[in-house]
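If you read the protein sequences in the order shown, they are chains A and B. Mapping to our numbering: the first sequence position 25 is 1448, numbers consecutive. Mapping to our numbering: the second sequence position 20 is 221, numbers consecutive. Following: one structure in structure tokens, then a few remarks.
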Amino acid sequence: NAGVTQTPKFRILKIGQSMTLQCTQDMNHNYMYWYRQDPGMGLKLIYYSVGAGITDKGEVPNGYNVSRSTTEDFPLRLELAAPSQTSVYFCASSYLPRTYNSPLHFGNGTRLTVT
Amino acid sequence: GDSVTQMEGPVTLSEEAFLTINCTYTATGYPSLFWYVQYPGEGLQLLLKATKADDKGSNKGFEATYRKETTSFHLEKGSVQVSDSAVYFCALSDPNFGNEKLTFGTGTRLTIIP
């Protein structure tokens, strides 16, 4: 059972380039999330999705876009990379919504550097 | 808004030592509280949780008690092992929030020396 799989593990981008961070889960979870983790900071929610076709903004959505065409996949798109987007990105999923205190299942993260 | 304050790291202990990692929180409602652990090279995973005041969460020898009077959820373990070396995150989930946000602390890196 793979759980939550993120690709790539590492990436270096030049300012202004674009890329998509991939996330897929095989647990049939409806709820999926993208977080970023900056050095010395807690995780911040970028976007989340409560099911296929439904997405919503989190705390720090600027500069990012998401889509959710299937239950399994929740890609995160950076259109014009900026140095402020240098971070470690985590995708997560859960079976139930947050209000049921359902645990989050995290991927191993993508370390992105924008120079 | 909601916030979580964790003990500054890094923390280095010898094997079999007693561990405490402090966590205090600020929330408008009655949050649920969590400890997540991140082992090297892996994503975060839930370690334990408590959903109401005076609840004690426990797992793998770790414990934390939800103290509403002191707004705290300190993580403890009586005898740590090298395999406990990881980064530990305290987090809260406030039911008054209108979205799926968990509020995380900054994380505390723990290193256990044999």
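Backbone N, C-alpha and C define an ideal beta-carbon position, used for all residues, glycine too.
Excluding the 5 residues preceding and the 5 following residue i in the sequence, name in chain order all residues of the same chain whose CB lies nearer than 6 Å to its CB.
i, result
"residue 272/B", "225 and 226"
"residue 1445/A", "1430 and 1498"
Using a Cβ-Cβ cutoff of less than 7 Å, which residues in the same chain neighbour residue i once the five nearest sequence positions on both sides are dropped?
i, result
"residue 1435/A", "1536 and 1538"
"residue 1476/A", "1491"
"residue 205/B", "224, 226, 291, 292, 293, 304, 305 and 306"
Using alpha carbons as the reference points, say which of the options lies closest to residue i.
i, options, result
"residue 315/B", "309/B, 303/B, 284/B and 307/B", "284/B"
"residue 1474/A", "1512/A, 1508/A, 1534/A and 1519/A", "1519/A"
"residue 1545/A", "1470/A, 1442/A and 1528/A", "As shown, chain A starts at 1424 and ends at 1538. That puts residue 1545/A outside it, with no answer to give."
"residue 280/B", "210/B, 214/B, 202/B and 204/B", "214/B"
"residue 1495/A", "1533/A, 1516/A and 1460/A", "1516/A"
"residue 288/B", "1524/A, 1460/A and 1447/A", "1460/A"
"residue 217/B", "278/B, 294/B and 292/B", "278/B"
"residue 239/B", "290/B, 307/B and 295/B", "290/B"
"residue 1529/A", "1447/A, 1440/A and 1439/A", "1447/A"
"residue 1458/A", "1506/A, 1486/A and 1482/A", "1482/A"
"residue 309/B", "203/B, 202/B and 211/B", "211/B"
"residue 1509/A", "1526/A, 1487/A and 1525/A", "1487/A"
"residue 1456/A", "1449/A, 1478/A, 1450/A and 1463/A", "1478/A"
"residue 229/B", "269/B, 311/B and 282/B", "269/B"
"residue 311/B", "247/B, 241/B and 259/B", "241/B"
"residue 1489/A", "1426/A, 1514/A, 1449/A and 1462/A", "1514/A"
"residue 1501/A", "1469/A, 1521/A, 1464/A and 1425/A", "1469/A"
On the criterion of 16 or more Cβ atoms from any shown chain inside 10 Å, does residue i qualify as buried, or is it exposed?
i, result
"residue 219/B", "exposed"
"residue 1437/A", "exposed"
"residue 1472/A", "buried"
"residue 1433/A", "exposed"
"residue 1532/A", "buried"
"residue 254/B", "exposed"
"residue 231/B", "exposed"
"residue 1465/A", "buried"
Would you report the Cα separation of residue i and residue j, rounded to the nearest angstrom?
i, j, result
"residue 208/B", "residue 276/B", "10 Å"
"residue 261/B", "residue 302/B", "26 Å"
"residue 234/B", "residue 274/B", "7 Å"
"residue 1484/A", "residue 1440/A", "18 Å"
"residue 1400/A", "residue 295/B", "A query on residue 1400/A cannot be resolved here, the shown segment of chain A reaching from 1424 to 1538 and no further."
Here's a check: name, in chain order, each residue in its chain whose Cβ is nearer than 8 Å to the Cβ of residue i, leaving out the five neighbours to either side.
i, result
"residue 257/B", "251, 264, 265, 266 and 267"
"residue 1452/A", "1494, 1516, 1517, 1518 and 1528"
Of all Cβ atoms in chain D, is any one closer than 8 Å to the Cβ of residue i?
i, result
"residue 309/B", "Looking at the structure shown, chain D is missing, and the protein chains on hand are A and B."
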